[in-house]
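Chemist: I'd like to ask you about the structure that follows.
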Amino acid sequence: MLLRRIAFLLEQAGEPAYRSRAFRRAADTVGDLNEVEIRKRTDAGTLTDLPGVGPVTAGIVAEALAGVTPPYLARLQEQALEAASTDAGRLAAALRGDCHVHSDWSDGVASIREMAMAAIELGHEYIVLTDHSPSLRIARGLSGDRLREQIVAVDVLNQELAPFRILTGIEVDILPDGSLDQDADLLARLDVVVGSVHSLLRMEREAMTERMLNAIENPSLDILGHCTGRMKTRKRDRPGSEFDSARVFAACARYGKAVEVNSLAERRDPPQRLIQEALALGCQFALDSDAHSPGALAGKRRGCERATAAGVTADRVVNTRPAEALLDWARSHRAAAGSRRA
Ligand SMILES: [Zn+2]
Ligand SMILES: [Zn+2]
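What follows is the structure, encoded as structure tokens:
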């Protein structure tokens, strides 16, 4: 994993291709071994007998096994941070994960594993896997059974990819009455839940506000996805929904839910004015790619530019936190909802 991260950083820094290629080759070779074999060879000093593994890469593997950050990697990461001289660059470098990622289980183009590998190269510690819910048939939304299957598949992958973590999640449709399009028990099992409006976007303002408030009050919802639903492509230009943003963002702030800054080029949602309003009302944010392909994970840079231009700082962005802190955040507002009901 570290070898791939190093290859990515070398490419990003504009180093000659033969250097990153060497690290990718070594990563492939070492990746074919299990951890016991890697340890055995490291202890015996025979890792370099394998094709593509030289003293530098073998040294990095040994350091990683010993639980230290290899200085070679630390130096590259330091350089990348220095190169990020803008606020947006610094926020992008501070992101430890992504809370909105699709796979080919719904309408993404790549496997869960491919999405995770791309996130590892970007330097992420985790992604939240958020495939669609049943009512979004056009995007092959997952039934309850399929989602349960996916949770098992994620568990298996996590054992392979540790310490990287795939957190379980969903992008659940906010139905017209504000309820969420999946069983409450199943939603409660997931690590992080993004809720989004995908249907009846032209609902009357008051009804749309109530719909969103209902969803935000739902204990299972953690992040309000692309809140206006606006969409601009070459073929269509769909304006955002009408809703009372002051009430919606005040509810997010009150219940400790995050407002998503969606980085997709065709969405760029919410618009700048609404990011500023949410910030002023005390909201936290999730800075997400909404990636449907591996390369799109890096699109968060776009969201970072818009967020920092609106004055959002890293401490207000939930995915600058380590995975455990993100999970604590989700648990804390869910627990608070439980005690409100009691
Ligand atoms: Zn969506
Ligand atoms: Zn999405």
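Note that the sequence shown covers residues -3 to 338 in the working numbering. For glycine and all other residues, C-beta sits at the position ideal for the given N, C-alpha and C. Just so it is clear, the structure is predicted and the values come from calculations on it, not from any experiment.
(1) Pull the bridge partners of Gln280 from the DSSP assignment, please.
(2) Around the Cβ of Ile166, are there at least 16 other Cβ atoms within 10 angstroms (buried) or fewer (exposed)?
(3) Under 6 Å, CB to any heavy atom of ligand 1. Which residues pass, going along the chain?
(4) Per DSSP, what are the beta-bridge partners of Asp341 in this structure?
(5) For ligand 2, I want to know if Asp94 counts as a neighbour, meaning its beta carbon is within less than 6 Å of at least one of the ligand's heavy atoms.
(6) Give the straight-line distance between the Cα atoms of Val64 and Asp265, rounded to the nearest whole angstrom.
(7) DSSP three-state call for Ala115: helix, strand or coil?
(8) Out of curiosity, what's the CA-to-CA distance linking Asp173 and Phe239?
(9) Report the residue from Gln155, Val188, Glu156 whose alpha carbon sits nearest the alpha carbon of Leu163.
(10) Would you mind reading off the limits of the beta strand (DSSP E) that contains Thr65?
(11) Figure out for me which residue from Ser241, Ile2, Glu213 has the closest Cα to the Cα of Thr224.
(12) From Asp177 to Met204, what distance separates their C-alpha atoms?
(13) Return yes when the Cβ of Ser259 is within less than 7 Å of the Cβ of Gly291, no when it is not.
(14) Could you check whether Ile2 and Phe19 sit closer than 7 Å to each other, using their CB atoms as the reference points?
(15) By the three-class DSSP mapping on this structure, what secondary structure does Thr82 have?
(16) Where Ala255 and Glu206 are concerned, what is the direct C-alpha to C-alpha distance, given to the nearest angstrom?
(17) Can we count Asp127 as close to ligand 2, meaning its CB is less than 6 Å from some heavy atom?
(18) Is it true that the CB of Asn315 sits closer than 7 Å to the CB of Gly93?
(19) Identify which residue in Ala60, Arg302, Ser16 has its Cα closest to the Cα of Leu6.
(20) Helix, strand or coil for Asp324? Go by DSSP, reduced to three states.
(21) CB-CB under 7 Å to Arg37, same chain, minus the five flanking residues each way: which ones, in chain order?
(22) Considering only C-alpha positions, which residue in the set Arg21, Arg185, Met208, Val190 is nearest to Leu196?
(23) Can you find a heavy atom of ligand 2 that lies under 6 Å from the Cβ of Asp284?
(24) With a threshold of 8 Å on Cβ separation, who are the neighbours of Ala149 within its own chain once the five nearest residues in sequence on each side are excluded?
(25) Checking the sheet assignment: what are the DSSP bridge partners for Lys228?
(26) Would you call the CB atoms of Thr82 and Pro47 closer than 7 Å?
(27) Pairing CB atoms from the stretch 134 to 143 with CB atoms from the stretch 322 to 332, are three or more of them under 8 Å?
(28) Where DSSP assigns a beta bridge to Leu163, which residues make up the other side?
Modeler: Based on what the coordinates show:
(1) Ala254
(2) Buried: at least 16 other Cβ atoms inside 10 Å.
(3) Glu167, Ser192, His194, Gly221, His222
(4) This structure cannot speak to residue 341, because the chain is shown only from -3 to 338.
(5) No; taking the cut-off as 6 Å, the Cβ of Asp94 has no heavy atom of ligand 2 nearer than that.
(6) 39 Å
(7) helix
(8) 14 Å
(9) Val188
(10) Taken as a continuous stretch (DSSP letters only), Thr65 belongs to no beta strand (DSSP E), as it is neither H nor E.
(11) Ser241
(12) 16 Å
(13) Taking 7 Å as the Cβ cut-off, Gly291 and Ser259 do not qualify as a contacting pair.
(14) yes
(15) coil
(16) The displayed chain sequence assigns Val, not Ala, to residue 255. For Val255 and Glu206, the distance between alpha carbons rounds to 17 Å.
(17) no
(18) yes
(19) Ser16
(20) helix
(21) Leu43
(22) Met208
(23) no
(24) Ile108
(25) Asp233
(26) no
(27) no
(28) Val124
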